[in-house]
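With UniProt numbering applied, the sequence shown has no gaps in its numbers, which climb one by one up to 483 at the end. We put the CB at the ideal spot given by N, CA and C, even for glycine. These figures come from a predicted structure and were not determined experimentally. Below is one structure; the comments refer to it alone.
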Amino acid sequence: MRDTPGAADGGQFETDVPARLDRLPWSGFHWRVVTALGITWVLDGLEVTLVGSLAPAIHESLGLSETQIGLAASAYLIGAVVGAVGFGWMADRIGRSKLFFITLTVYMLASIASGFSWDFWSFAFFRALTGAGIGGEYAAVNSAIQELIPARKRGTTDLAVNGTFWGGAALGSIIALVVLNPAVVDPNLGWRVAFVVGGALCVVVLFLRRFLPESPRWLMIKGRNDEAEEIVGGIEREVAAQHGGKLPPLQYGPVRFRRRGHTQIAEVWRTMIGTHKQRTVLGLTLMSCQAFCYNALGFTYALVLTKFYGIPSGSVGWYMLPFALGNLAGPLILGPFFDSIGRRPMITATYAISGVLMAFTGWAFVEGWLSAWQQTMAWTVIFFFASAAASAAYLTVGESFPLEMRAMAIALFFAIGTLVGGVSGPTIFGALIETGNREAIMWGYMAAAALMLVAAATEWKIGFAAEGKPLEEVAAPLSAVAR
């Protein structure tokens, strides 16, 4: 990294930090990043699935209605929206690494508190706080992963990390089978134990995150050149030692920046609706449509199984497990194609396929053609594609905007997408399920399918190529100086 001295140049400097990070071969350092940060999605999946699988037990223990179960899910999402915006704003100001500890601590304490809920209002409040911690994680973690992973692997890694949500979902299904088994533990106590133990697991994650550095790209745009240089140098030495002492040559040259202060909200807004207006439309569409689809179905699927197929609450986990595994497999198997075939064709295809299959399955549901297992297998296939599509929405938003506002952009899009599509979904579907009318629920499924098809069409029309490109090329930093 090379500084250009003096005030005459406006505080400009050149840095090859992006090129040095992008040329690195995959190493133990990258595995640490994926493990310590990706665990967030495992925890989120665990939370969502536990609430879904444990919904009948919570319903009985706290005396909640189906609509109140849906409202509690919406409270979690509202908390996630508030947490994403607040912590996202902080992540762009104080850095990614500090937020990792704050947001995870909030999540941990709130999750444990959920296990001690005594009525609807206490449960909804603690769920909102839990969501706030997870929302903050989305902004800081997605930013850091995209800034630390080499460009050629960014799509594969980002989809895989976001897809691990469903590893947590599978774990949640297994836990539900244990805690809802009367032979093992009283179901009225089991769901409480699940929340407490899930929150306590965060202690291990906090320990792992002690070994992660601040994002050198974030330090770079803050003008903290020496710190960024020291971190990148340390990473290079570690990676070189693992690969025979040599690193590949740089694939592109240094980038020139002008030192600047914090990015204001007004500038973020101008960039979103001015410079990158099309990307704003694209990001909002992808995020909102997948949020409605996922949150509506994920939070209420256990209620469908118990109410329409007569599945005992203690057996719901057996049906949630294959559903979760299908969702996990989608990003892991399809992820590499987002880097090879490309973002636009793969995002379009995954949204479109899941939308068409969802519409067909909704029709089969209302006609009564499916058993509980057949319904589960249908959703497993649908969400194999939908999971990759949803993960790609976060990838797209992160790549769409400059470094200085990446965390805030992810937070805003997550917040708006969740408010538009996610908060309403569980409440609407909870109310539809409470009617006991299959046709009413079918129209909810059709609406979700239509939204996925809208997202597919939007991606095909205005999607952009980002595969294999440096972040600074995909979206020029606000502080970049033309050479």
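- request: With DSSP collapsed to three states, give me the class of Ala476.
  value: Of the three classes helix, strand and coil, the one that applies to Ala476 here is coil, per DSSP.
query: Do the stretch 396-416 and the stretch 460-478 meet, that is, are 3 or more Cβ pairs less than 8 angstroms apart?
result: Flag = yes, the stretch 396-416 and the stretch 460-478 touch.
field: Inter-residue spacing [alpha-carbon to alpha-carbon] between Ile112 and Gly45
entry: The straight-line gap from Cα to Cα measures roughly 16 angstroms.
Simplified DSSP assignment, three categories, for Val85: Residue state, collapsed to three classes: helix.
Pairwise C-alpha distance: Glu229 and Arg256: So the alpha carbons of these two residues sit roughly 15 angstroms apart.
- prompt: Any idea what DSSP makes of Gln12, helix, strand or coil?
  reply: Strand at Gln12.
- prompt: Skipping 5 residues on each side, what residues in its chain have a beta carbon closer than 7 angstroms to that of Ala110?
  reply: Apart from sequence neighbours up to five positions away, the residues of its chain that approach Ala110 with a beta-carbon distance below 7 angstroms are Phe126, Leu129, Thr130, Gly133, ordered along the chain.
query: What runs of the alpha helix (DSSP H), each 4 residues or longer, lie entirely inside the stretch 76-124?
result: As far as the stretch 76-124 is concerned, its whole alpha helix (DSSP H) runs of at least 4 residues are 96-114.
message: Looking at Pro470: is its Cβ nearer than 8 angstroms to the Cβ of Ala84?
response: Not a contact, by the Cβ cut-off of 8 angstroms.
task: Run the CB neighbour count on Phe241, radius 10 Å, all protein chains shown included, and call it buried at 16 or more, exposed below.
output: Position check: residue 241 holds Ala in this sequence, whereas Phe was assumed. Ala241 should be labelled exposed.
query: Per DSSP, Val255 forms a beta bridge with which residues?
result: In the DSSP output, where bridge partners are listed per residue, Val255 has Thr15.
- prompt: Under the rule that 16 or more other beta-carbon atoms within 10 Å means buried, what is Gly274, buried or exposed?
  reply: Its Cβ having fewer than 16 others within 10 Å, Gly274 is exposed.
message: Taking the alpha carbon of Leu357 as the reference point, which residue from Leu321, Leu305, Cys293, Gly342 has its own alpha carbon closest?
response: Shortest Cα-Cα distance from Leu357 to any of Leu321, Leu305, Cys293, Gly342 involves Cys293.
query: Should Gly88 and Ala388 be called a contact, given that it needs their Cβ atoms to be closer than 8 angstroms?
result: When the beta-carbon positions are compared, Gly88 and Ala388 stay at least 8 angstroms from each other.
- prompt: Is the beta carbon of Ser354 sitting closer than 8 angstroms to the one on Phe323?
  reply: At the C-beta level, Ser354 and Phe323 stay beyond 8 angstroms of one another.
query: Exposed or buried, Thr435, counting other C-beta atoms within 10 Å across all chains shown (16 or more means buried)?
result: Burial call: exposed.
- request: Could you check if Leu189 is buried or exposed, using at least 16 other CB atoms within 10 Å of its CB as the buried criterion?
  value: Exposed, by the Cβ-count rule.
task: Mark Phe365 as exposed unless 16 or more other C-beta atoms lie within 10 angstroms of its C-beta, in which case mark it buried.
output: Here Phe365 is buried. Its C-beta has 16 or more other C-beta atoms within 10 Å.
Whole runs of the alpha helix (DSSP H) within the stretch 383-428, excluding any shorter than 4 residues: Within the stretch 383-428, the complete alpha helix (DSSP H) runs of at least 4 residues fall at 406-417.
- request: Quick one: grab the DSSP three-state call for Asn162.
  value: Helix.
field: Uninterrupted alpha helix (DSSP H) stretches inside the stretch 283-343 (no shorter than 4 residues)
entry: Taking 4 residues as the minimum length, the alpha helix (DSSP H) runs contained wholly in the stretch 283-343 are 301-308, 316-340, in order along the chain.
query: If you draw a straight line from the C-alpha of Arg209 to the C-alpha of Thr15, how long is it?
result: Across the structure, Arg209 and Thr15 are spaced so that their CA atoms are roughly 27 angstroms apart.
message: Does the contact criterion of 3 or more C-beta pairs under 8 angstroms hold for the stretch 444-452 versus the stretch 318-333?
response: With a cut-off of 8 angstroms, the stretch 318-333 and the stretch 444-452 do not count as touching, because too few Cβ pairs lie within range.
- request: Return helix, strand or coil for Ile462, following the three-state DSSP convention.
  value: The three-state reading of DSSP puts Ile462 in helix, counting H, G and I together.
- request: Taking Gly283 as the reference, give the member of Asp22, Glu459, Pro254 with the closest Cα.
  value: The option with the nearest alpha carbon to Gly283 is Glu459.
- request: Ignore the nearest five residues each way along the sequence and tell me which others in Gly38's own chain have a CB closer than 7 angstroms to its CB.
  value: Closer than 7 angstroms at Cβ, skipping near neighbours: Val161, Thr164.
- request: Specify, as a first and last residue, the run of the alpha helix (DSSP H) that Gln242 falls within.
  value: Start and end: 225-242.
query: Can you find at least 3 beta carbon pairs, one from the stretch 234-249 and one from the stretch 21-28, that sit closer than 8 angstroms?
result: Under the 8 angstroms Cβ criterion, the stretch 234-249 counts as touching the stretch 21-28, having at least three qualifying pairs.
field: Test item: CB-CB of Arg96 and Glu267 under 8 angstroms
entry: In this structure, the beta-carbon distance from Arg96 to Glu267 does not fall below 8 angstroms.
query: At what residues does the alpha helix (DSSP H) containing Pro216 begin and finish?
result: For Pro216, the enclosing alpha helix (DSSP H) starts and ends at 216-221.
query: Using the C-alpha atoms, what's the distance from Trp121 back to Ile341?
result: Distance between the alpha carbons of Ile341 and Trp121 is about 48 angstroms.
- request: Consult DSSP for Gln374 and reduce its assignment to one of helix, strand or coil.
  value: Gln374: helix per DSSP, three-state reduction.
message: Closest to Leu247 by C-alpha separation, out of Val481, Arg20, Ile78, would be which residue?
response: Of the candidates Val481, Arg20, Ile78, the residue whose Cα lies closest to the Cα of Leu247 is Arg20.
query: When DSSP labels each residue in this structure, what does Glu434 get in the three-state scheme?
result: Taken through DSSP and simplified to helix, strand or coil, Glu434 comes out as helix.
- prompt: How would you label Asp226, buried or exposed, when you count the other beta carbons within 10 angstroms and need 16 or more for buried?
  reply: Within 10 angstroms of the beta-carbon of Asp226 lie fewer than 16 other beta-carbons, which makes it exposed.
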